[in-house]
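S.K.: Supplied in structure tokens, the structure appears directly below.
Chains as they are written, first to last, in UniProt numbering: chain A, 1 to 397; chain B, 1 to 166.
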């Protein structure tokens with residue numbers, strides 16, 4: 001026993017007396033948060049990971065990958081035909097798992113056909129440290145911006161979206177004001193475009209952002225679509241956007257993906273440029289969980305997992321009783337956990353052709369990693385060994 | 001719902017102990033509260049999957065230690081479910097070595113601090129620590145040794161208060 005070990009024990013012993021106490025009603029409040037979060041885990045995953053198998057009870061994002069707990073009894077997809085790089089070699093790209101400075105990084109979205117937007121994570125705390133443009137052909141990376149250390153005024157950057165030669169993101173302050181930022185893709189000094197209160201709701205803030213022409217558009221988790229010019233200016237509500245959520249510009253819709261359960265997510269969508277409205281058709285006995293602009297996913301009255309058009313046509317049963325938390329991206333692809341009775345791996349499935357590719361993940365006990373997706377639905381990325389794998393779904397014809 | 005009731009009983013019985021443990025890991029009441037809340041939420045999520053042999057408390061403690069050292073911090077998705085007084089608790093520690101030690105602990109990397117908390121607060125042996133953190137025993141030993149070296153450097157022994165200078 002050394003002196004320092006003695007002091008450690010007595011320090012921890014004394015610190016016990018100064019530890020905070022739990023409030024008496026905490027358990028009830030946690031149960032409420034748990035229920036809300038269980039619903040929202042789907043949302044987080046829909047944004048982060050394309051799909052989450054049913055029965056998942058919680059999800060943590062870590063290093064850009066999503067880990068989800070899976071229950072043994074859940075229905076699973078069939079094992080894919082072959083590794084994804086054999087099935088779609090033209091679509092699977094690689095990058096090092098670490099970026100400049102040896103920091104872990106992830107691919108957040110595509111800037112163009114050959115350039116990925118990469119986000120490095122500060123080693124100590126995991127907040128976004130810097131953005132890079134990574135050339136998928138040459139392997140060269142170019143810094144776009146380095147973020148300051150998060151503070152009370154500006155928390156860490158998230159919600160990255162690219163368009164019109166700009167990268168946009170937002171930060172939240174301690175007093176719940178969202179700041180909207182932009183920087184040219186070519187690099188430069190970040191510019192504050194405007195702010196918007198995110199005091200309503202539970203502090204989740206902005207649920208989706210995009211660049212639309214010369215404006216940044218975004219919607220709040222609690223509903224409401226807004227825009228601000230990329231040149232800077234006033235944050236204004238988008239006409240017809242009250243209570244709505246950004247789906248894929250110019251489409252906005254309701255109900256949003258988060259919050260209390262309220263039927264089919266994005267059941268009604270509106271094109272804010274043309275005024276066209278589309279409402280999802282639901283047949284008696286069906287449970288349609290969520291719709292995109294074109295496709296919806298859910299369960300038929302017979303309990304089969306189905307994908308079909310929003311207007312009710314072109315219904316397809318999925319192989320295996322999988323539950324998707326997002327419509328297939330590119331109107332074709334979904335990610336699902338496969339296995340014979342218990343989760344064994346993760347596959348990428350093509351609804352159109354029936355082809356499937358194995359992403360090469362293995363279950364870690366009851367945990368299964370899922371790839372990281374992004375709102376445009378074009379890019380999937382995941383780490384395997386010391387390489388980052390990227391799947392550009394638009395390369396699959 | 002029966003699971004909710006049993007969960008509530010568990011939180012009522014063991015919540016304070018978990019929060020104390022979180023305080024040792026995090027070093028401040030706010031992060032301790034965050035950590036405890038996150039772990040309890042995960043526990044609630046996992047509750048239907050816990051078998052009789054799985055102790056909810058060890059599940060929660062393991063989750064807290066791992067969450068604390070996770071490289072990527074969880075986004076704070078929920079605001080704290082309760083308010084904490086804006087007090088610098090460690091300032092109320094008595095003076096001398098313990099207070100300096102508490103401050104020196106704040107300078108350690110998370111993994112090193114977690115190893116020390118598990119060894120000197122939770123009284124776990126190195127094999128148990130390795131299992132909780134999901135690292136090898138060798139790593140536990142090297143992390144602990146490095147942490148103790150740093151603490152020794154930060155807290156020069158004072159014959160006036162401790163008596164036995166090394």
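Where a beta carbon is used, it is the ideal one built from N, C-alpha and C, also for glycine.
1) Less than 8 Å between CB atoms is the rule here; does residue 20 (chain B) satisfy it with respect to chain A?
2) Where in the region 97–134 of chain A do unbroken runs of the beta strand (DSSP E), each at least 3 residues long, occur, reported from the N-terminal end onward?
3) Whole angstroms is fine: what's the gap from residue 82 (chain A)'s alpha carbon to residue 119 (chain B)'s?
4) Measure the Cβ-Cβ separation of residue 208 (chain A) and residue 245 (chain A) and say whether it is below 8 Å.
5) One question on the structure: do residue 305 (chain A) and residue 317 (chain A) come within less than 8 Å of each other, judged by their Cβ atoms?
6) Out of A:88, A:30, A:13, A:4, state which residue places its alpha-carbon closest to the alpha-carbon of residue 393 (chain A).
7) Where residue 154 (chain B) and residue 104 (chain B) are concerned, what is the direct C-alpha to C-alpha distance, given to the nearest angstrom?
8) Kindly say whether residue 23 (chain B), judged by its beta-carbon, lies nearer than 8 Å to any beta-carbon of chain A.
9) Please confirm whether residue 103 (chain A) and residue 122 (chain A) have their CB atoms less than 8 Å apart.
10) Going by Cα to Cα distance, which pick from B:50, B:47, B:106, B:116 is closest to residue 65 (chain B)?
11) Under 8 Å, Cβ to Cβ, is there at least one residue of chain B near residue 10 (chain A)?
12) Can you tell me the Cα-Cα spacing of residue 351 (chain A) and residue 13 (chain B), whole angstroms?
13) Any idea if residue 90 (chain A) is buried or exposed, counting beta-carbon neighbours within 10 angstroms, 16 or more meaning buried?
14) Report all residues from its chain with a CB closer than 7 Å to the CB of residue 248 (chain A); omit the five preceding and five following residues, and keep chain order.
15) Would you give the residue range spanned by the beta strand (DSSP E) that residue 184 (chain A) belongs to?
16) What would DSSP say about residue 170 (chain A), mapped onto helix, strand or coil?
17) Would you kindly work out how many angstroms separate the C-alpha atoms of residue 61 (chain B) and residue 337 (chain A), rounded to a whole number?
18) Counting beta carbon pairs with one atom in the region 237–244 of chain A and one in the region 219–226 of chain A, are three or more of them shorter than 8 Å?
19) Taking C-beta to C-beta, are residue 357 (chain A) and residue 80 (chain A) nearer than 8 Å?
20) Please list, in chain order, the chain B residues whose beta carbon lies closer than 8 Å to that of residue 177 (chain A).
21) Using only the alpha-carbon positions, how far apart do residue 17 (chain A) and residue 102 (chain B) sit?
22) With a cut-off of 8 Å, does the C-beta of residue 388 (chain A) fall near any C-beta of chain B?
23) Taking 8 Å as the cut-off, decide whether the C-beta atoms of residue 24 (chain B) and residue 128 (chain A) are in contact.
24) Using a Cβ-Cβ cut-off of 8 Å, state whether residue 32 (chain B) counts as contacting chain A.
25) Enumerate in chain order the residues of its own chain whose CB-to-CB distance from residue 108 (chain B) is below 7 Å, with the five nearest sequence positions on each side excluded.
26) Have a look at residue 163 (chain A) and residue 254 (chain A) and give me their C-alpha separation to the nearest angstrom.
27) 8 Å is my cut-off, CB to CB: does residue 129 (chain B) come that close to chain A?
28) Apply the 10 Å Cβ neighbour rule to residue 38 (chain B) and answer buried if 16 or more other Cβ atoms are within range, or exposed otherwise.
29) So, helix, strand or coil for residue 279 (chain A), using DSSP?
30) Any beta carbon from chain B within less than 8 Å of residue 344 (chain A)'s own beta carbon?
31) Helix, strand or coil for residue 138 (chain B) per DSSP?
32) Starting from the Cα of residue 271 (chain A), find the closest Cα among A:252, A:282, A:285 and give me that residue.
33) Rounded to whole angstroms, what's the CA-CA distance from residue 84 (chain A) to residue 106 (chain A)? Just pull it up for me.
34) What residues from the region 260–293 of chain A come within 9 Å of chain B, judged by C-beta to C-beta, listed N to C?
35) For a quick check, are the C-beta atoms of residue 222 (chain A) and residue 236 (chain A) less than 8 Å apart?
36) Would you say residue 124 (chain B) reaches chain A, if we count a Cβ-Cβ gap shorter than 8 Å as a contact?
M.R.: Reading it off the structure:
1) yes
2) 105–112, 115–121
3) 46 Å
4) yes
5) yes
6) A:88
7) 6 Å
8) yes
9) yes
10) B:116
11) yes
12) 50 Å
13) exposed
14) 293
15) 177–184
16) strand
17) 28 Å
18) yes
19) yes
20) What residue 177 (chain A) touches in chain B: nothing, since even the nearest Cβ is about 14 Å away.
21) 13 Å
22) no
23) no
24) yes
25) 147, 150
26) 24 Å
27) no
28) buried
29) strand
30) no
31) helix
32) A:252
33) 19 Å
34) none
35) no
36) no
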